[in-house]
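Peer 1: Before anything else, here's the structure in question.
2 protein chains.
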Amino acid sequence: MNRFEVTYRIFADDQSDAEARAAGIALENTVEIPRDVVPAGYVEDVVLGRVEDVVPEGEGTWLGRVSYHIDAVGRELPQLLNVVLGNASILRGVKALGLTPNADVLERFPGAQYGVSGLRELTGRASGGYVCPVIKPQGSSAETLARLCYLTARAGADIVKEDHGLANQDAAPFRERVTHCAEAVGGANAERADGGDPTRALYFASIGGHGDQVRELAMHAQEAGAHGVLLIPGLFGFDAMNRLAQDADFTLPIMAHPSHLGPYVLSPEMGYSHGMLFGTLMRLAGADISVFPNHGGRFGFSVAECTEIVAACRGEGPGRAILPSPGGGMSLDRLPDMMRLYGEDCVYLLGGSLLRYGDRIGDAIHEMRAALNGA
Amino acid sequence: MNRFEVTYRIFADDQSDAEARAAGIALENTVEIPRDVVPAGYVEDVVLGRVEDVVPEGEGTWLGRVSYHIDAVGRELPQLLNVVLGNASILRGVKALGLTPNADVLERFPGAQYGVSGLRELTGRASGGYVCPVIKPQGSSAETLARLCYLTARAGADIVKEDHGLANQDAAPFRERVTHCAEAVGGANAERADGGDPTRALYFASIGGHGDQVRELAMHAQEAGAHGVLLIPGLFGFDAMNRLAQDADFTLPIMAHPSHLGPYVLSPEMGYSHGMLFGTLMRLAGADISVFPNHGGRFGFSVAECTEIVAACRGEGPGRAILPSPGGGMSLDRLPDMMRLYGEDCVYLLGGSLLRYGDRIGDAIHEMRAALNGA
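If you want it as C-alpha cells, here you go:
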C-alpha cells in the first residue's frame, strides 16, 4: 500500500453531498486550493489526498475513506497531523475515526519504546494490574511530595506518577522536585529489594517547563533517577512526545496525559474518535501509557468510549501495544469493576482520594493491590 | 488584583448546580483533589482556583468567574493553559469565554513584538488594508514557489505568506525553499525601492519541521532574509510561538495559523470562545497576526464570531493589539465587503483562487489592492 488512509465521519445531506465533502477534505488537508487549479502530474497524482470510498454510516452521516501519500507529510509528526486533520478540523461535521498506516508511516513513526511487554520487564511485575498512585497537589513542597513518593513506592506501588499540574512552580521547581522524588522512590525500591520483592516502583516525573526544554528536562529526570516521564501532548505537542520516544539518549518510558485535549473527542461531529486520539495517535507519537478519564468519574466518557480506547491501545499497531490508564475521580471501591472491564494490562490511577489516608497512604496502596488481585 | 480571572460558560440544571460545577472547575484546573482534602494554608488560600461569582447567562447556562494565582502557573505558557482549561477541557458543558489578566500574567507573558503599529512600520504602508497572497500548493518545487513569491511581491503585495502545508517535504525542503523565496522577495523589494515605492513585501516563511527545531528553523529564516514566520500553535504548541516572540535574538513578526484548532471553538459547549482563542490567547502567546476562517467561505464561522475575533485582536490588552487575518476560500469579489467589515488594520488573505491567474498573478495583486482601496 503506497498510501495511508484516514476514515472520516462526514455529516451530509445525501450521497453526492457526502462525496463532495470528502473531496473537500482531501483538498483541504493537502494542497488547499480549488480542484480545478491543482497542477497535473506529481501534485495531482501523489500529493493530493484521494477519496477511496464514501459509504453511508447512519442517519445523516457517511464514512469517507481518504488516502494520503507520505510525500505530503515528510518526516515530522506536526505535518502528519496537519494532513490527517489540520484545516479539516475547522470544518463542521467532519470527525476522524481511524487511521490505517502504511509502511512509510510505520517506518517514520515507529511508536513506543516499551509498551505493554516492556513495562512488565521494567516493573518486574509478571502479571496483574498496575497500581499507580498520583502524587499531588501542586503547591506542596518538594519534600512533602517526595514523602508521598516514598510511602507509596515502599508500600508496593508499581508506578508513582506525578500529577500533571506539577509543572515548574516556585513551590516545587521541576529540577529540585524531581531530584527529591527520584531519590525517595530509589530508597523505597532498595528497601523492597532488600526484603526480597522482585518488583519495583517506577517514578514518572511530570515534565513542566517550556516546550523547547522538554528534552533537557526529560534528560534531567533520567539522570536524577526517574524511571519515566509524564507529558501533556495537548500542551507541548504530540511531536514533543515523539521526539523523546525516538531519542537514542532518552531511554525511559513515556506516559501521556489528556489535559487540554477534551474538545477533540467530546463531540460526535468533530475532532477525533476516542480510540484514534487516545489510542492510535498516542501509539504513533511514542507513548507507552495513555491516561484517559474513566467512565463514571468526573468526566463523561461512556463505557463504550473507554473500551474503544483500550482496544486501540492494545490492539494491532501502529507500533507496540501500549498500556491504557483510566483515572479521574476513581475510588478504591470501583477498582474490582474496572479490573473486570480493563484487565491486567492496564495502569490503574488513584489520586486525590488517596490523600484521605494521610501518613497511612501505604495502606491505600495495599488496598488497591488487594482490590485488583481479588477482582 | 493579585489573581487573574477566567470566565466560563457552564451548562447546569440550576443555580446551585452551576455553583457546584464552577467549584469543580476551580479544583480541576489547579489541585485536582477533592475539596475536603485540600491542605489548609498556602494551597487552599493561594493555589486553589477561587469561584468569584456565578450568574445566569441564558437558558440552561451560567457564567462562572474563577480566579487563579500566578503561583499555580509559574513562568511557562503550557502551565498557564493547563490552569485556564487543562482538565476542565474534558468536562462536558464548560467553555472558556474570556481571560482577564493581572499584572503577573502581563509581566510573564508580554505578548507580541510588533502588533498593529509595528506592522505599519515594517511594511512601510501608512494606511489601508494589507494585501496578502498565500504561496502554494505543497508539492511544488522551491523554484516554482519562489517564482510566485517574486511575482506577487513585485506587484505590490504587503505580505507574501507561505501556505501552512509547506512544511519540510522532499519536494521543497524547508531550508532550501526559504532561502529561495526570501531571495525572490528581496529581489522584488529592491525593484520596488528602485521604482520609488516606499512600501515593501514581507515574506513569511512557514515553519515546518520538528517541534524542538522551531527556534533553529526560525533563525534560519531570519538569516536567509525572511521578514516573518508562520507558525501553527495547534500543532507546535502555543508556547513555541511565545518562546520565539520573547527570544531576544529573533526579531521577526509571527503569524499564527488556526490549523488543527477547530474543535476548540466549533461547539458552544466546550473549548474556547472564538475571541478568546484567536484573539486573547494568540496575543498572550506573542502572535502579531492571527489567521482565522472568514464567514461565508469553506468554514462555518458566523459574522458575529468573526467580529468577536477581530475585536479581541485589536481591542484592549493583553499585550499589543494584533492584526486579524481572515481567509479560507476568499475571492476578489468579496474583498470590498470584507474591508467594510474588518477595516484597514487587517491582513486580507487570498490563496488558491490566485493560481487561476497563472503567470499574470501580479494582476490579481493589483486587483486585490484596488478592491480594498475602493471599498
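Residue numbers (the numbering used here), protein chains in the order written: chain A, 45 to 419; chain B, 45 to 419. Here a beta-carbon is modelled for each residue, glycine too, at the ideal position from N, C-alpha and C.
1) Leaving out five residues on either side along the sequence, give the residues of the same chain with a beta carbon under 6 Å from the beta carbon of ALA228(B).
2) If you pair each beta-carbon of the segment 240-254 of chain A with each one of the segment 84-104 of chain A, do three or more pairs fall below 8 Å?
3) Who are the Cβ neighbours of GLY323(A) in its own chain at under 6 Å, not counting the five residues just before and after it?
4) Would you check if the segment 322-337 of chain B and the segment 359-379 of chain B touch, i.e. whether three or more CB-CB distances between them fall below 8 Å?
5) At 4 residues or longer, and completely inside the segment 151-233 of chain A: list those alpha helix (DSSP H) runs for me, N to C.
6) Using a C-beta to C-beta distance shorter than 9 Å, which residues of chain A count as neighbours of GLU120(B)?
7) Within 10 Å of its beta-carbon, does ASN417(A) have 16 or more other beta-carbons around it, so buried, or fewer, so exposed?
8) Can you give me the C-alpha to C-alpha distance between LEU71(A) and ILE179(B), rounded to a whole angstrom?
9) Could you spell out the range, first to last residue, of the beta strand (DSSP E) harbouring ARG413(A)?
10) Where does ALA300(B) sit, in a helix, a strand or coil, going by DSSP?
11) Might you give, ordered along the chain, the residues of its own chain that have their beta carbon closer than 8 Å to the beta carbon of ARG79(B), omitting 5 neighbours on each side?
12) Kindly confirm or deny that the segment 267-277 of chain B and the segment 221-241 of chain B touch, where touching means at least three C-beta pairs closer than 8 Å.
13) Tell me, please, whether the CB atom of ASP377(B) is closer than 8 Å to any CB atom in chain A?
14) Run through chain B and tell me which residues come within less than 8 Å of LEU314(A), C-beta to C-beta.
15) Just to confirm, is the Cβ distance from VAL391(B) to LEU367(B) under 8 Å?
16) Is the beta carbon of GLY278(A) within less than 7 Å of some heavy atom of the ligand NAP?
17) CA-CA distance, LEU150(A) and ALA186(B)?
18) According to DSSP, is ARG53(B) part of a helix, a strand, or is it coil?
19) Opposite THR105(A) in the DSSP bridges: which residues?
20) Tell me, please, whether the segment 283-293 of chain B touches the segment 238-250 of chain B by the rule of three or more beta-carbon pairs shorter than 8 Å.
21) Just mark SER375(B) as buried or exposed, buried being the case when its beta carbon has 16 or more other beta carbons within 10 Å.
22) By Cβ distance, which residues of its chain are closer than 7 Å to VAL99(A), with the 5 residues on each side in sequence left out?
23) What does the Cβ neighbour count give for ALA292(A), buried or exposed, with the cut at 16 atoms within 10 Å?
24) What residues in its chain sit with their C-beta under 6 Å from that of MET314(A), if we drop five residues either side in the sequence?
25) Verify the CB distance criterion: does VAL391(B) have a CB-CB separation below 8 Å to chain A?
26) Could you spell out the range, first to last residue, of the alpha helix (DSSP H) harbouring PRO380(A)?
27) Opposite ASP97(A) in the DSSP bridges: which residues?
28) Measuring alpha carbon to alpha carbon, tell me which residue in ASP89(B), GLU88(B) and GLY102(B) is nearest ASP58(B).
29) So what does THR144(B) bridge to, in DSSP terms?
30) Is the beta carbon of ILE276(A) closer than 8 Å to that of ALA245(A)?
31) With a threshold of 8 Å between beta-carbons, can ALA147(A) be considered close to chain B, or not?
32) Output the boundary residues of the beta strand (DSSP E) element that contains PRO242(B).
33) Write down the C-beta distance between GLU296(A) and SER250(A) rounded to the nearest angstrom, noting that I regard them as a contact closer than 8 Å.
34) Are the C-beta of THR351(B) and some C-beta of chain A separated by less than 8 Å?
35) How about ALA265(A): is its C-beta nearer than 8 Å to some C-beta of chain B?
36) Would you say VAL98(A) lies against chain B (beta-carbon separation less than 8 Å)?
Peer 2: According to the data block:
1) As a first step, residue 228(B) is located in the second sequence; it is residue number 184 there, counting from the start. Excluding its 5 nearest sequence neighbours in each direction, ALA228(B) has C-beta neighbours in its own chain below 6 Å: ALA190, CYS193 and TYR194, listed in chain order.
2) At 8 Å Cβ cutoff, the stretches do not touch.
3) Sequence index remark: in the first sequence, residue 323(A) carries index 279 (1-based). Contacts found: ILE353, ALA356 and CYS357.
4) Touching, per the Cβ criterion.
5) 159-167 and 186-198
6) The residue you call residue 120(B) lines up with position 76 of the second sequence. Residues of chain A whose Cβ lies closer than 9 Å to the Cβ of GLU120(B) are, in chain order, ALA211, ASN212, GLY252, GLY253, HIS254, GLY255 and GLN257.
7) As a position in the first sequence, residue 417(A) is number 373, starting the count at 1. So ASN417(A) ends up on the exposed side.
8) Here the question's residue 71(A) lines up with position 27 in the first sequence. Here the question's residue 179(B) lines up with position 135 in the second sequence. Answer to the nearest angstrom: the Cα atoms are 16 Å apart.
9) As a first step, residue 413(A) must be located in the first sequence, where it is residue number 369. No beta strand (DSSP E) holds ARG413(A); the alpha helix (DSSP H) holding it covers 405-418.
10) To locate residue 300(B), count along the second sequence from 1; it is residue 256. The answer is strand: DSSP assigns ALA300(B) an E or B state.
11) Numbered from its first residue, the second sequence carries residue 79(B) at position 35. Excluding residues within five positions, the ones whose Cβ falls inside 8 Å are ALA67 and LEU71.
12) yes
13) By 1-based counting over the second sequence, the position of residue 377(B) is 333. Answer no: the Cβ-Cβ gap between ASP377(B) and chain A never drops below 8 Å.
14) Locating residue 314(A) in the first sequence gives position 270, counting from the first residue. With the sequence shown as reference, residue 314(A) is identified as Met, and Leu is not the correct amino acid for it. Per Cβ cutoff of 8 Å: GLY306, PRO307, LEU310 and SER311.
15) Within the second sequence, numbered from 1, the residue matching residue 391(B) stands at position 347. Within the second sequence, numbered from 1, the residue matching residue 367(B) stands at position 323. Result yes, Cβ atoms of VAL391(B) and LEU367(B) sit closer than 8 Å.
16) Although the ligand NAP was asked about, the structure shown includes no ligands whatsoever.
17) Residue 150(A) sits at position 106 when you count from the first residue of the first sequence. Residue 186(B) sits at position 142 when you count from the first residue of the second sequence. Cα-Cα distance, rounded: 28 Å.
18) One-based indexing of the second sequence puts residue 53(B) at position 9. ARG53(B) falls in the strand class under three-state DSSP.
19) As a working note, residue 105(A) is residue 61 in the first sequence. Paired residues: PHE55(A) and GLY102(A).
20) no
21) The sequence position of residue 375(B) within the second sequence is 331, counting from 1. Its Cβ having fewer than 16 others within 10 Å, SER375(B) is exposed.
22) Position 55 of the first sequence, counting from 1, holds the residue named residue 99(A). Only TRP106 and LEU107 meet the Cβ criterion.
23) Translated into positions along the first sequence, residue 292(A) becomes position 248. Answer is exposed; the Cβ neighbour count stays below 16.
24) Here residue 314(A) refers to the residue found at position 270 when the first sequence is read from its first residue. So the qualifying residues of the chain are LYS139.
25) Reading the second sequence from its first residue, position 347 is the one you call residue 391(B). Cβ-Cβ to chain A under 8 Å: no for VAL391(B).
26) Walking along the first sequence from the start, residue 380(A) turns up at place 336. It spans 379-386 - the alpha helix (DSSP H) in which PRO380(A) sits, taken as one unbroken run.
27) In the first sequence, counting from the first residue as 1, residue 97(A) sits at position 53. Paired residues: ARG109(A).
28) Translated into the one-based positions of the second sequence, residue 58(B) becomes position 14. Checked all of ASP89(B), GLU88(B) and GLY102(B); the closest Cα to ASP58(B) is GLY102(B).
29) For the purposes of this step, residue 144(B) is identified with residue 100 of the second sequence, where counting begins at 1. DSSP lists GLU49(B) as partners of THR144(B).
30) Mapped onto the first sequence, residue 245(A) falls at position 201. Mapped onto the first sequence, residue 276(A) falls at position 232. Taking the C-beta atoms as reference points, ILE276(A) is found no nearer than 8 Å to ALA245(A).
31) To locate residue 147(A), count along the first sequence from 1; it is residue 103. No, no contact with chain B.
32) Here residue 242(B) refers to the residue found at position 198 of the second sequence. Run containing PRO242(B): none; DSSP gives neither H nor E here.
33) By 1-based counting over the first sequence, the position of residue 296(A) is 252. By 1-based counting over the first sequence, the position of residue 250(A) is 206. Note that residue 296(A) corresponds to Leu in the displayed sequence, not to Glu. About 13 Å; that fails the 8 Å criterion.
34) By 1-based counting over the second sequence, the position of residue 351(B) is 307. No, because no Cβ of chain A sits closer than 8 Å to the Cβ of THR351(B).
35) On the first sequence, residue 265(A) is found 221 positions in, with the first residue counted as 1. ALA265(A) does not count as touching chain B.
36) The residue you call residue 98(A) lines up with position 54 of the first sequence. Cβ-Cβ to chain B under 8 Å: no for VAL98(A).
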